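Peer 1: This is the structure, below, for whatever I ask next.
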C-alpha cells in the first residue's frame, strides 16, 4: 500500500504506522531544558518506597472494607495477543464477585512489547480508581508503567482527595506526574524525550456514587446506561471523554500559538510537529511524557476533568485504550457488554478485546494491530 504523503509538508507515514500514535519522525537526541529538582527527586524516592496500599493506610483514605490494587506489570513479551503480566497487592479478591473484567493484549507490533498499562485500586465501601495508560514511542511502555505506578499514589495522598476540590486536585496531580517523568528522564530512570503515554483516570466515590474523570489523549471512558431502569431493555453508550486530537479547533490553536504545527499524514491522522522539524509526529495533542513535544510543539499535560453523578440507570463503565476504539464505537461496545451478567465480566472483557483485534486485522489487512486494553466495571454487580 506504500507510504502516505502529506502534500507540501513532505511528512510521510510508513504503512505499518499509519494508524499508530507516532508517525514519521526524525530521531532527536536533545534536552528540552527541564530542570531536575531535589523536590522531584525526593518525591520519586518517596513514591517508590511505599505501595499504593501503604499510602491508603498511612493517609487515612482506607476507611472501608477490603482493599486491593491490581494492574499490569511491564514485561518484554513480543508475542501477539498475549496477555500482559499482572501484579496484585492487598487483600485477595475475586474479580467475578465484584463485576470486574480486564485484559491487556499485545498488538501486532513486532518492534515493541505491550506498551499499554492499566490499574484498578479499590477500597470496599469507600472508593475505586480505574486507570488506562497507552504508551507510544520506543520507550512508551516504560513511561506508561511509570505513570500507572505513580499517578494513583499522587491522587490519594493529596489532601483534596474525595473533596469538592477533586477536579483541581486531579489537574495538579497530572502536572506533577509530568514533572516527575521529566525528572526521571534526567535521572536516566526512563527515556521520555520522544516517548510518552495517554492517561485516563476515573475516581469512583462509592459514598456519593459519583465519578470524576480526568484524561489526556484518547484512551476513552464510556458509560453504558439503561434507557429504562425497570425494564432494562436498550442501553446507550456515551463517551465521558473526548479524544484530544490536533485538528480540534481549540487544540490546534494552542499548538500553533506555542510554535507547533498540525499536519495531515495523508491517511487517517492529523499529527503534531515542531516548527521546521519532523518530530514528535503524534496523533494526539495532550499526553504525558513526550518531553520534546511539550517543549517545542505545543503538546499539553493538562487534563480535562469532568464529574458525573451516577443513577439507577447507569449499568457499566468501560475504560479502554484506543486499540478498542479505533474500529468500535461506544454504542457498539456497550451493546456487546451491557446486557451480559456481571459474573461473566472477565470473559466479556476478553471477548471485546478479541472483537477489537479481529476488526484491526480486517481493516488493516493484517499489517498492524495496536495494543488492546479493556477495563470493564459493572456498576451494580
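Residue numbers (the numbering used here): 141 to 521.
C-beta: ideal position from N, C-alpha, C; glycine also.
Everything numeric in this text was worked out from a predicted model, so none of it was measured.
For residue 246, count the other beta carbons within 10 Å of its own beta carbon; 16 or more makes it buried, fewer makes it exposed. Which is it?
Peer 2: For the purposes of this step, residue 246 is taken as the residue at position 106 of the chain shown. Buried.
Peer 1: Which residues mark the beginning and the end of the alpha helix (DSSP H) in which residue 284 is found?
Peer 2: The residue labelled residue 284 in the question sits at position 144 within the chain shown. Residues 280 to 297.
Peer 1: Take residue 336 as the anchor and find which of 419, 278, 293 has the nearest alpha-carbon.
Peer 2: Position 196 of the chain shown, counted from the start, is the residue given in the question as residue 336. The shortest Cα separation from residue 336 among 419, 278, 293 belongs to 278.
Peer 1: What does the Cβ neighbour count give for residue 469, buried or exposed, with the cut at 16 atoms within 10 Å?
Peer 2: Here the question's residue 469 lines up with position 329 in the chain shown. Exposed: under 16 other Cβ atoms inside 10 Å.
Peer 1: For a quick check, are the C-beta atoms of residue 291 and residue 222 less than 8 Å apart?
Peer 2: As a first step, residue 291 is located in the chain shown; it is residue number 151 there, counting from the start. As a first step, residue 222 is located in the chain shown; it is residue number 82 there, counting from the start. Going by C-beta atoms, residue 291 is not nearer than 8 Å to residue 222.
Peer 1: Could you tell me the distance, in whole angstroms, from the CA atom of residue 239 to the CA atom of residue 487?
Peer 2: Numbered from 1 along the chain shown, position 99 holds the residue referred to as residue 239. Numbered from 1 along the chain shown, position 347 holds the residue referred to as residue 487. Those two C-alpha atoms are separated by around 11 Å.
Peer 1: Measure the CB-CB distance between residue 255 and residue 441 and report whether it falls below 8 Å.
Peer 2: Within the chain shown, residue 255 is the residue found at index 115, counting from 1. Within the chain shown, residue 441 is the residue found at index 301, counting from 1. Contact flag unset, no.
Peer 1: Which residues bound the alpha helix (DSSP H) around residue 307?
Peer 2: Mapped onto the chain shown, residue 307 falls at position 167. Its alpha helix (DSSP H) spans residues 306 to 326.
Peer 1: Identify the continuous alpha helix (DSSP H) that holds residue 375 and give its terminal residues.
Peer 2: As a first step, residue 375 is located in the chain shown; it is residue number 235 there, counting from the start. Segment 375 to 379 is the beta strand (DSSP E) holding residue 375; no alpha helix (DSSP H) there.
Peer 1: Along the chain, where does the beta strand (DSSP E) that runs through residue 210 open and close?
Peer 2: Mapped onto the chain shown, residue 210 falls at position 70. Counting along the chain, the beta strand (DSSP E) containing residue 210 begins and ends at 207 to 212.
Peer 1: Leaving out five residues on either side along the sequence, give the residues of the same chain with a beta carbon under 7 Å from the beta carbon of residue 298.
Peer 2: Working through the chain shown from its first residue, we reach residue 298 at position 158. Excluding sequence neighbours, residue 298 sits near 309, 313.
Peer 1: Would you mind working out which of 410, 378, 477, 180 sits nearest residue 386, comparing C-alpha positions?
Peer 2: Position 246 of the chain shown, counted from the first residue, corresponds to residue 386. If we check each option's Cα against that of residue 386, 410 comes out closest.
Peer 1: What alpha helix (DSSP H) runs, 4 residues minimum, are completely inside the segment 326 to 411?
Peer 2: Fully enclosed alpha helix (DSSP H) runs of 4 or longer: 389 to 397.
Peer 1: For residue 303, count neighbouring C-beta atoms within 10 Å of its own C-beta (all shown protein chains included) and say buried if the count is 16 or more, exposed if not.
Peer 2: Along the chain shown, read from residue 1 onward, the residue named residue 303 stands at position 163. Flag for residue 303 reads exposed.
Peer 1: From the DSSP output, in three-state form, read off residue 488 for me.
Peer 2: Here residue 488 refers to the residue found at position 348 when the chain shown is read from its first residue. Three-state result, residue 488: helix.
Peer 1: Express the C-alpha separation of residue 307 and residue 257 in angstroms, rounding to a whole number.
Peer 2: The sequence position of residue 257 within the chain shown is 117, counting from 1. The sequence position of residue 307 within the chain shown is 167, counting from 1. For residue 257 and residue 307, the distance between alpha carbons rounds to 23 Å.
Peer 1: Taking the alpha carbon of residue 413 as the reference point, which residue from 429, 407, 435, 363 has its own alpha carbon closest?
Peer 2: As a first step, residue 413 must be located in the chain shown, where it is residue number 273. Closest by alpha carbon: 435.
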